[in-house]
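Contents: one structure, followed by commentary.
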Amino acid sequence: MAKGPFIWETEEYYFQEKTSDWYWAVGIIGVSISVLAVIFSNALFSLLILLSTFALALFGSKRPSVVRFEVSKKGIMIDNTLYPFGTLESFWVEDNRHVGKPSKLIIKSRRMVVPLIALPLGEVNPEEVRDFLMDHLLENHHVEPLGQKILEYFGF
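Going by the working numbering, the first residue of the sequence shown is number 1, and it counts up by one from there.
This is the structure we're talking about:
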């Protein structure tokens, strides 16, 4: 049995610096879709696309904040939000140290709104976290949602 609690701070997501080409591509795609919406007589959709493009560019330049994580006998705490083990179904530790990527803890929640929570493990040993969680939750293989993988691919 691994000792706990495990407390660490890390950025909430891996930040990729965007080049000016990335911003140009987002702008060109957004304006093109907006022009198509105007051609098809949908000015409201065109406005929505332009606002979304602007918001996407702003979010793409935003640096991640540092988040405090804690895995203890009470449950899993992310900043000031506690997820007691009674509200969680299972977990999976994705150990990516062998490929040079950050390891992740993926937790399946009983909540309908946020069913999967992916936590970056930072410098914490994934095996020790896994051994600790084995005493509190079931271990089931979980993968990150496709949407999250797509966002990571595009630099979010």
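All C-beta atoms, glycine included, are put in the ideal place defined by N, C-alpha and C. This structure is a prediction, so every number in the text was calculated from the model and none was measured.
Can you say whether I49 is buried or exposed, counting buried as having 16 or more other CB atoms within 10 angstroms of its CB?
buried
Could you have a look at E127 and say whether DSSP puts it in helix, strand or coil?
helix
Where does S34 fall in DSSP's three states?
helix
Identify whether G122 lies in helix, strand or coil by the three-state DSSP scheme.
coil
Along the alpha helix (DSSP H) that carries S61, what are the first and last residues, could you check?
For S61, the enclosing alpha helix (DSSP H) starts and ends at A43 to S61.
Starting from the Cα of P84, find the closest Cα among V71, T53, S41 and M134 and give me that residue.
Checked all of V71, T53, S41 and M134; the closest Cα to P84 is V71.
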